Amino acid sequence: MRTTMLEFSPPLIGEEEIAEVVDTLRSDWITTGPKVSRFEKEFRETVGADSALALNSCTAALHVALATLGIGPGDAVITTPMTFCSGVHVIEQVGARPVLVDVEPDTLNIDPVKVRETLERRRHEGRQRVKAIMPVHLYGHACDLDALKEIAREYNLAIIEDAAHSLPAAYRGRPIGAAQSGGPPILSCFSFYATKNLTTGEGGMLCGPRELVDEARIWSLHGMSRDAWKRYSAEGSWYYEVVRPGFKYNMADIQAALGLHQLRRLPAFHARRTEIARRYNEAFRGTPSLKIPAARSDVEHAWHIYALRVNPGALAITRNRFIEELKSHRIATSVHFIPIHLHPYYRDRYGYKPEQFPVAYEEYQRLISLPIFPRMTDRDVEDVIEAVAEIAEQHGSIARSQEILSAELGVGA
Ligand SMILES: *Cc1c(COP(=O)(O)O)cnc(C)c1O
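Under this note's numbering, the first residue of the sequence shown carries the number 62, and numbering increases by one thereafter.
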């Protein structure tokens, strides 16, 4: 048994990051400036994007993407219930309607077949005009992008990718965020929040076609038609024009200083995450009460989150109790995610019933995210494996009490 708690997802900040932040602090240029420009350029090159805009969060990137595409009142955006709330929130915030579509049972990513059904149905009913699809590459596993692009092309929709988990992920050999030749417009939104695969403390990046990212840049900084930092530098001038009711979402050089060095470490971070996932898979594959995460052969998985599932039929305890047991073994865990339609705001606003998105609802009750982060030692990984195996062994049973069956009928966070 461990003597200290294994945290869920602490960051890995090196001396280079610290030195670069200090350099920024001593430079007299602490907000958006040369380091943000460098970070944008290096990020763009890393994922092969046409253009990149550094922002202060992924939520900001998603919000700016909607504004850039002119999505607002009377419009609708299709997205998934199996996500963090922020993508759905920004759809609400621009006055559009989020339309939830259930997920595929293996990846828990938005189901393209159901996206098409939803679009067909709405066309018949003459409901609000769907303008975009906002898929989430959940856990770092790419969605079925070819199917979604085909649908987007047919229905004349944009795609706003919530790529918060998917650095560095790829779909059919193409990195998430990479430039497209032809097809529907795609804007990709990355997160550099403290727990994410690359962190700037808080931060995000919007990648996409140059014209759209240029427009997004205006939206992201007060709707001003010039970069503020150029305004005050030698080549700049005092004059600017406000052409949009824009946001204040720019990234600061202090954040970019972190990002520049995190980006260099990304291949090593990714290799370590992949190795940990491989070990977990090896250990848990074949345990009747457990189901390892899906990884389709046409994706490069970013392994942001390792979402194990329990098989209730082969376990005498609930998922919630499993989490408690792991905690008593000093292993921190989480659940990704409580589906959007179960949260009071969305449940009440749209009258959602839990079973309305049956896959999201059922699978949610089986999910346990295990620690996976580059700083984990082999010993840490072994501790997790031993704890999970011990709990599964101890409570593995097909005889299930009435108490457990009824407990599972409630949602219970
Ligand atoms: C973390 C996260 C976000 C939000 O990212 P921020 O940078 O914190 O705004 C959005 N979507 C998903 C799926 C996330 O996990």
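Glycine included, C-beta positions come from ideal geometry on N, C-alpha and C.
Nothing here was measured: the structure is a model prediction, and the numbers come from that model.
Where residue 342 falls: helix, strand or coil (DSSP): Residue mapping note: residue 342 aligns to position 281 of the sequence shown, counting from 1. Three-state DSSP puts residue 342 in a helix.
Selected residue, minimal CA-CA separation from residue 93, among 316, 219, 408 and 222: Numbered from 1 along the sequence shown, position 32 holds the residue referred to as residue 93. For the residues 316, 219, 408 and 222, the minimum Cα distance to residue 93 belongs to 316.
Closest residue to residue 261 among 269, 251, 210 and 270 (Cα-Cα distance): On the sequence shown, position 200 is the one that residue 261 refers to. Per the Cα distances, 251.
Buried or exposed (CB count within 10 angstroms, at least 16 for buried), residue 171: Locating residue 171 in the sequence shown gives position 110, counting from the first residue. Flag for residue 171 reads buried.
Backbone secondary structure at residue 197 - three-state DSSP: Numbered from its first residue, the sequence shown carries residue 197 at position 136. Residue 197: strand per DSSP, three-state reduction.
Where the beta strand (DSSP E) through residue 369 begins and ends: Position 308 of the sequence shown, counted from the start, is the residue given in the question as residue 369. It spans 367 to 371 - the beta strand (DSSP E) in which residue 369 sits, taken as one unbroken run.
Alpha-carbon to alpha-carbon, residue 192 and residue 414: As a first step, residue 414 must be located in the sequence shown, where it is residue number 353. As a first step, residue 192 must be located in the sequence shown, where it is residue number 131. Answer to the nearest angstrom: the Cα atoms are 25 Å apart.
Rounded separation between residue 77 and residue 166 - CA only: To locate residue 77, count along the sequence shown from 1; it is residue 16. To locate residue 166, count along the sequence shown from 1; it is residue 105. Rounded to whole angstroms, residue 77 to residue 166 spans 42 Å at the Cα level.
Proximity to residue 478 [Cα-Cα], best of 99, 69, 142 and 79: The structure shown has nothing for residue 478, since the chain only spans 62 to 474.
Within-8 Å CB hit, residue 442 to chain D: Within the model displayed, chain D is absent; a lone protein chain is all it includes.
Cβ neighbours of residue 227 in the same chain (closer than 6 Å, five flanking residues each side left out): Translated into positions along the sequence shown, residue 227 becomes position 166. Excluding positions up to five away in sequence, the list reads 198, 201, 237 and 363.
CB-CB length for residue 268 against residue 138, believed under 8 Å: Reading the sequence shown from its first residue, position 207 is the one you call residue 268. Reading the sequence shown from its first residue, position 77 is the one you call residue 138. Not really, about 19 Å apart at Cβ, beyond 8 Å.
Terminal residues of the alpha helix (DSSP H) in which residue 148 lies: As a position in the sequence shown, residue 148 is number 87, starting the count at 1. Segment 147 to 154, the alpha helix (DSSP H) holding residue 148.
Inter-residue spacing [alpha-carbon to alpha-carbon] between residue 277 and residue 266: Start at 1 with the first residue of the sequence shown, and residue 277 comes out as number 216. Start at 1 with the first residue of the sequence shown, and residue 266 comes out as number 205. Cα to Cα, residue 277 sits roughly 11 Å from residue 266.
Contact set, ligand 1 heavy atom to C-beta under 6 Å: 118, 119, 120, 144, 145, 147, 148, 197, 223, 225, 226, 252, 254 and 265
Beta-carbon spacing of residue 161, residue 401 below 8 Å: Within the sequence shown, residue 161 is the residue found at index 100, counting from 1. Within the sequence shown, residue 401 is the residue found at index 340, counting from 1. Against a cut-off of 8 Å, the Cβ pair of residue 401 and residue 161 comes out as a contact.
Spatial distance of residue 418 from residue 164 (CA atoms): What you label residue 418 is simply residue 357 of the sequence shown in a count that begins at 1. What you label residue 164 is simply residue 103 of the sequence shown in a count that begins at 1. Roughly 8 Å between the two C-alpha positions.
Own chain, CB closer than 6 Å to residue 122, minus 5 neighbours either side, in chain order: For the purposes of this step, residue 122 is taken as the residue at position 61 of the sequence shown. Closer than 6 Å at Cβ, skipping near neighbours: 116, 250, 265 and 267.
Residue burial classification, residue 299 (beta-carbon count within 10 angstroms, cutoff 16): Translated into positions along the sequence shown, residue 299 becomes position 238. By the 10 Å Cβ count, residue 299 comes out exposed.
Sequence-distant residues of its chain with Cβ nearer than 6 Å to residue 114 (five each side left out): As a working note, residue 114 is residue 53 in the sequence shown. Hits under 6 Å: 267, 274, 277 and 278.
First through last residue of the beta strand (DSSP E) which encompasses residue 223: Taking the first residue of the sequence shown as 1, we reach residue 223 at position 162. Segment 219 to 223, the beta strand (DSSP E) holding residue 223.
Straight-line gap, residue 188 to residue 102 (C-alpha atoms, nearest Å): Within the sequence shown, numbered from 1, the residue matching residue 188 stands at position 127. Within the sequence shown, numbered from 1, the residue matching residue 102 stands at position 41. Answer to the nearest angstrom: the Cα atoms are 41 Å apart.
Cβ pair count under 8 Å reaching 3, the stretch 331 to 349 against the stretch 202 to 221: no
Nearest candidate by alpha-carbon position, reference residue 246, set 255, 65, 271 and 359: Position 185 of the sequence shown, counting from 1, holds the residue named residue 246. Ranking 255, 65, 271 and 359 by Cα distance to residue 246 puts 271 first.
Selected residue, minimal CA-CA separation from residue 435, among 378, 285, 257 and 398: Reading the sequence shown from its first residue, position 374 is the one you call residue 435. For the set 378, 285, 257 and 398, the Cα lying nearest the Cα of residue 435 is the one of 257.
Cβ-based burial, residue 56 [other Cβ within 10 Å; buried from 16]: Because residue 56 is not part of the residues shown, which for the chain are 62 to 474, the question remains open.
Three-way DSSP call (helix, strand, coil) for residue 330 in this model: Residue mapping note: residue 330 aligns to position 269 of the sequence shown, counting from 1. Here residue 330 sits in helix by DSSP.
Where residue 231 sits in the DSSP three-state scheme: Translated into positions along the sequence shown, residue 231 becomes position 170. In this structure, residue 231 counts as strand in the three-state DSSP scheme.
Span of the beta strand (DSSP E) around residue 356: Residue 356 sits at position 295 when you count from the first residue of the sequence shown. Taken as a continuous stretch (DSSP letters only), residue 356 belongs to no beta strand (DSSP E), as it is neither H nor E.
Beta carbon of residue 263 nearer than 8 Å to that of residue 118: The sequence position of residue 263 within the sequence shown is 202, counting from 1. The sequence position of residue 118 within the sequence shown is 57, counting from 1. Yes; because the gap between Cβ atoms is below 8 Å, this pair is in contact.
Exposure of residue 65, with buried meaning 16 or more beta-carbon neighbours within 10 Å: For the purposes of this step, residue 65 is taken as residue 4 along the sequence shown, with counting starting at 1. Classification of residue 65: exposed, given that the 10 Å Cβ count is below 16.
Residue 455 burial status per 10 Å Cβ neighbour count (16 or more: buried): The residue labelled residue 455 in the question sits at position 394 within the sequence shown. With fewer than 16 other Cβ atoms within 10 Å, it is exposed.
First through last residue of the beta strand (DSSP E) which encompasses residue 255: For the purposes of this step, residue 255 is taken as residue 194 along the sequence shown, with counting starting at 1. Unbroken run through residue 255: none, as it is neither H nor E.
Residue 384 (DSSP reduced to helix, strand or coil): Residue mapping note: residue 384 aligns to position 323 of the sequence shown, counting from 1. Three-state DSSP puts residue 384 in a helix.
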